[in-house]
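For reference, the structure discussed in these notes is given below.
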Amino acid sequence: MFTVILNNKTIDMKKIHLFSLITLFALSFLGCKKDSYVAKFDQLPQERIGAQIDLVKNALTGSPNGWIATLPTGLGGGYGFYMNFDKEGFVTMVADLTTVSTATVEKSQYRVKQDMGAALSFDTYSYISILNNPDAGSLGGNGNIRDGFKSDIDFVYDHSSADSLVFKGKRYRQTFTLVKASAEQKAKYLNAEYGTAIDKFKKFFTDNPNAYFETDNALKVAVEPNGSNSLNAGKRVTFTSILANDAIVSATAKFAYTISKMDILDSGLVFDKNYYVRIAWKDATTMAVYDKNNKEYILKNNPTPLLPLYKMWGSKYNGMLSNFKTIYPGTSTKGADLLNFYHNNLDNAYTGYRFNFGRITFVWNVINKRITLNGFHSQNGGTSGWTTASIYNYTVDNSGTYTFTLNSTFSGGYASKALIPLHNFMLNNQVKFDYFVSGGTVYALMKSVTDPTIEMTFILQ
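Using our numbering, you'd call the opening residue of the sequence shown number 104 and step up by one each time.
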């Protein structure tokens, strides 16, 4: 014990120390005491998820005319649906998968449940389940034996607006979008008009095989939709253009048919620094492409494809065909002589044998810069037969002029003698390729630069 004398007063330091400890303990206790708990949220977690489930259920069943839905797939293209949800847990739907699914209304079960949030699940097999089916035979043999189309049947609620609901696939994370249908749209879907609308879209592109539109900077853009169910190419649309420097630019996006449009999915197709979100009818006969700002670009048709033919080998076209004893429009006299030498010398024993059918094909291998001349010949009308082939290397300059050199001479089959004039033509002529249009058909024109009087036309393949 020690003391301190301050201003003639004696102070006991031991007592002061004890008083300080008591004071600190009291303050510490008061600091830890919780008189009340203020929650960060105004609802408990189970209350919040319950409210979200109710929101989704009420929204799904609260649209009196049902929903127009679109869904891209992980492996394939995009798909469209019409769905109507009732309060008893049933959903009726049609889909753009097949001609049957567009016209036949199917009823199945659904649930809204808790699963990483509010989740919409299709519990019984339905049209949307087909895209999840790991069967190679699904959708006309276009399925995938392990993953189907990489598409979900369970979707987690993401967000909504006054007229739409948006979900994400639980496994494959594809965006499942539902937009409220009108009474008129509902009637068309349920009266089997979906398939008719799809056929009208397809017919437009059949009638306008070289459809294109012009951008704001006068760039001509070819539009090529593929409405098949092919995993690698189907339900996709491709935009392609050729720039001033002769470079080709191309972009592809998935789309789904609805009753009124071809909806380009995944936020649209980005091309020439713009987002294009749908293809739709402007009026009864005019179709247009629309960007995200709803600007309209009228689709027109060019007499021939916009891109030079020599730029299309190995992409859009893989070869050319000359059928048995058929000379197509645009073939010159000298060109017909070269083709007929093969066709007319098959059935007269010139080759040492008699054949009653044959055809000539040229097949491109752009990766290795080769082209193969095939002479097919048959004794049973083409059911089976033999092929004589000769392979040529090639170079091509900036103007599209080809020069051929021999890679390997005739092999296989029995028709090499009948192919000699064409073989000599390949080795002794520089060649250009172009389109030739006759009677609405676009042919491939093979024209000699060395001797411009030699022109041959073929079916494009």
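For each residue, glycine too, the CB sits at the ideal point set by N, CA and C.
Predicted model, so just to flag it, every value in this text is computed and none were measured.
Between G461 and F427, the C-beta spacing is below 9 Å.
Sixteen is the threshold: when 16 or more other Cβ atoms of the shown chains lie within 10 Å of the Cβ of F479, as they do, the residue is buried. A direct Cα-Cα distance of roughly 15 Å separates T318 from N405. CA-CA distance, T556 to I562, rounds to 20 Å.
Here the C-alpha atom of F539 lies approximately 8 Å from the C-alpha atom of P432.
The straight-line gap separating the alpha-carbon atoms of R339 and N501 is approximately 31 Å. For Y360, no alpha helix (DSSP H) run applies; the uninterrupted beta strand (DSSP E) run containing it begins and ends at 351-360, by DSSP. Rounded to whole angstroms, the separation of the alpha carbons of K364 and N471 is 41 Å. When the five nearest sequence neighbours on each side are left out, the beta carbons in the same chain lying within less than 7 Å of the beta carbon of F374 are those of V324, F342, A354, in order along the chain. Taking a contact as a CB-CB distance under 8 Å, the pair G169 and K289 counts as one, their CB atoms being some 6 Å apart.
Contact annotation: the segment 274-288 touches the segment 250-264, with at least three C-beta pairs closer than 8 Å.
A Cβ-Cβ separation of about 10 Å leaves D369 out of contact with V380 under the 8 Å criterion. Nearest to S344 by C-alpha distance, out of A359, S481, F225, L322, is L322. F184 is positioned such that its CB atom lies no closer than 9 Å to that of L163. Sorting I248, T486, A265, F513 by C-alpha distance to the C-alpha of L178 places I248 at the top. Following the DSSP letters along the chain, one finds E399 inside the beta strand (DSSP E) bounded by residues 399-401. Taking C-beta separations shorter than 8 Å and ignoring five residues to either side along the sequence, the partners of G337 in its chain run G179, G180, N245, N329, G330, S331, following chain order. The DSSP-derived three-state label of F342 is strand. Taking S511 as the centre and dropping the five residues before and after it, the same chain places the C-beta of I494 closer than 6 Å to its C-beta, in chain order. The segment 199-236 is shown to contain whole alpha helix (DSSP H) runs of 4 or more residues at 202-206, 230-233, in chain order. Around T195, the same chain offers N187, V208, K210 as residues with beta carbons nearer than 6 Å, after the five sequence neighbours per side are excluded. Judged by DSSP in its simplified three-state form, N161 adopts helix. For the options D261, K550, D226, M390, the alpha carbon positioned closest to that of S435 is the one of K550. Within the model, the alpha-carbon separation for Y400 versus D310 is close to 18 Å. In the three-state DSSP reduction, K306 falls in the helix class (H, G or I). The alpha-carbon of L530 is positioned some 12 Å away from that of L476. Distance from the CA atom of F465 to the CA atom of M559, rounded to whole angstroms, is 12 Å.
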